[in-house]
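Per full-length UniProt numbering, the very first residue in the sequence shown carries number 1; after that it's consecutive. Reviewing the structure listed below.
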Amino acid sequence: MSNTAGIKIAAVWVGLILFVVVFSSLSMQLWGGAAEKAPTAVQPLVIQDTMTLREEELQQPIQSFKLSPAEITEKVQKTVAFAAEEGSKNWIKIVTKLALWVVFLVAVFFQLKNRRITAPVRKAYLLAAVTLFGVILGSDPNTMGTVKDAIVLFAKSRIIFPPRMIVLTAMLVGGTLLANKLICSWGCQFGTLQDLIFRFGRDAKDRKGVLPQWKIPFVVTNTIRMVFFALFTVIAFAWAFDVVGVIDPFKIFNPAVLGTAGIVWIALMLIASLFVYRPWCHLFCPFGLIGWLVEKISVYKIKVKYETCVACNACAEACPSTVMGAILKRDKTIPDCFACGTCIEVCPTQSIEFASGKRDLPPAGKFDK
Numbered sequence: 001m002s003n004t005a006g007i008k009i010a011a012v013w014v015g016l017i018l019f020v021v022v023f024s025s026l027s028m029q030l031w032g033g034a035a036e037k038a039p040t041a042v043q044p045l046v047i048q049d050t051m052t053l054r055e056e057e058l059q060q061p062i063q064s065f066k067l068s069p070a071e072i073t074e075k076v077q078k079t080v081a082f083a084a085e086e087g088s089k090n091w092i093k094i095v096t097k098l099a100l101w102v103v104f105l106v107a108v109f110f111q112l113k114n115r116r117i118t119a120p121v122r123k124a125y126l127l128a129a130v131t132l133f134g135v136i137l138g139s140d141p142n143t144m145g146t147v148k149d150a151i152v153l154f155a156k157s158r159i160i161f162p163p164r165m166i167v168l169t170a171m172l173v174g175g176t177l178l179a180n181k182l183i184c185s186w187g188c189q190f191g192t193l194q195d196l197i198f199r200f201g202r203d204a205k206d207r208k209g210v211l212p213q214w215k216i217p218f219v220v221t222n223t224i225r226m227v228f229f230a231l232f233t234v235i236a237f238a239w240a241f242d243v244v245g246v247i248d249p250f251k252i253f254n255p256a257v258l259g260t261a262g263i264v265w266i267a268l269m270l271i272a273s274l275f276v277y278r279p280w281c282h283l284f285c286p287f288g289l290i291g292w293l294v295e296k297i298s299v300y301k302i303k304v305k306y307e308t309c310v311a312c313n314a315c316a317e318a319c320p321s322t323v324m325g326a327i328l329k330r331d332k333t334i335p336d337c338f339a340c341g342t343c344i345e346v347c348p349t350q351s352i353e354f355a356s357g358k359r360d361l362p363p364a365g366k367f368d369k
């Protein structure tokens, strides 16, 4: 890599980050600067037998409810936590983002299906997703939050917030089950930001890295991701602490709430994105882990037509991760596929497609040399 190329990539990286941070700050001010998170209680609630509970115009002593103070405290705390969660949401923005996600992902779906995702088109879609779903519409809702916040809320307050579960279900069914992890690939604001940065470090045809770019074995990335998910869950239930919230990378789209740990962590993830494809998604994201399980039964997915495949391995070499090699040869567990369309674009015989149905196994000896 020449010094000129390195300087150009660094300049583009800095420019993109400044664009995201500056305009996200302005956008949050236009939206009212809401934290979009339920406030944490500043003091514990204490119930005593001598207290009364007002319901409409009636004053009733605590003893009349035939519940212990601890049970009443739990019920009141759950009610307060639910109300706080509901009150922290900007419902206009949430509904707007959900509607735009549907329109955007449907458009990408047909582009993939019709083989129209080229290197320039890919970058344009990724930049549009970062701008629309992140810079303009903010950090929340996001794919990771549907899983992370659900676990933390239940761990802290033992409640389930139905709107979040509805969105999570829609993302898993519409954005993962029906079409291979499309919500992560093209709708997730931080996922697309990492993806776009990674593409800046590749050649003009988006086939290989100008910078050194490494494909970490899936057994390594998924082991780290599972351990991280387990630790996050244990900490949430044992100490009612949201460890992911401290380093939440989506907060780059709401810079005002970033702390020092968050700034350092996000910087590391965005630098790593130049050299490793979607490091947060592969190594840490809770939704990424669950989405990987669901995509095993996706209706539409990347498939290989072995009758026309010439075993040139161009698709596996151009793929930004190890997934296309696993799909092509079916000799190992298939990692996360982000349906980026690179494999479809580079195949010289149009043997790679985004289509429905079961993946075929390669003929015996197809890739023997």
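We treat Cβ as the ideally placed atom computed from N, Cα and C, and that holds for glycine.
Among the options, the one whose alpha carbon lies nearest that of residue i
i: S2; options: T260, G201, I352, M226; result: G201
i: A326; options: I297, R359, Q350, V294; result: R359
i: I133; options: L182, S351, W101; result: Correcting the residue type first, residue 133 is Phe in the shown sequence and not Ile. Closest option to F133, Cα to Cα, is W101.
i: T96; options: I352, I136, D368; result: I136
i: R330; options: L98, Y306, A318; result: Y306
i: I151; options: I183, V244, I344, Q213; result: V244
i: F228; options: K148, V12, Y125; result: K148
i: T246; options: V257, S27, T146; result: The sequence given here has Val at residue 246, not Thr. The shortest Cα separation from V246 among V257, S27, T146 belongs to V257.
i: T169; options: G6, T192, F287; result: F287
i: V130; options: L211, A11, Y277, F250; result: F250
i: T146; options: L211, A355, I183, V80; result: I183
i: P363; options: A316, A318, T308, Q350; result: T308
i: I197; options: A10, A5, T4; result: A10
i: N254; options: I7, V21, A5, T4; result: V21
i: D195; options: L127, K89, S351; result: L127
Where residue i falls: helix, strand or coil (DSSP)
i: W91; result: helix
i: K215; result: coil
i: K123; result: helix
i: A238; result: helix
i: A179; result: strand
i: E55; result: In this prediction, E55 scores a pLDDT of 46, lower than 50, which makes its location untrustworthy; the coordinate-derived value is nonetheless stated afterwards. Of the three classes helix, strand and coil, the one that applies to E55 here is strand, per DSSP.
i: V22; result: helix
i: L258; result: coil
i: V42; result: Confidence in V42 is poor, its pLDDT being 44 and thus under 50, which makes the residue's placement too unreliable to answer from.
i: N142; result: coil
i: R115; result: coil
i: L168; result: helix
i: R359; result: coil
i: K366; result: coil
i: N3; result: helix
i: L293; result: helix
i: G341; result: coil
i: I160; result: coil
i: E307; result: coil
i: T333; result: coil
Residue i - partner residues in DSSP beta bridges
i: R199; result: BP columns for R199 are empty, so no partner.
i: F354; result: I302
i: G209; result: R202
i: V264; result: V264 is not bridged to any residue.
i: V276; result: W214
8 angstroms contact criterion, which residue i and residue j should meet: CB distance rounded
i: C340; j: M144; result: Not a contact, Cβ separation roughly 19 angstroms.
i: V346; j: A311; result: That belief does not hold up - the Cβ atoms of V346 and A311 are roughly 14 angstroms apart, past 8 angstroms.
i: P141; j: I94; result: 6 angstroms
i: G357; j: K303; result: 7 angstroms
i: F82; j: F23; result: With a Cβ gap of about 34 angstroms, F82 and F23 do not count as contacting.
i: R225; j: L177; result: Not a contact, Cβ separation roughly 20 angstroms.
i: A272; j: A155; result: Not really, about 29 angstroms apart at Cβ, beyond 8 angstroms.
i: W280; j: F190; result: 7 angstroms
Min CB distance residue i to chain C below 9 angstroms
i: C347; result: Protein chains in the displayed structure number just one, and chain C is not present.
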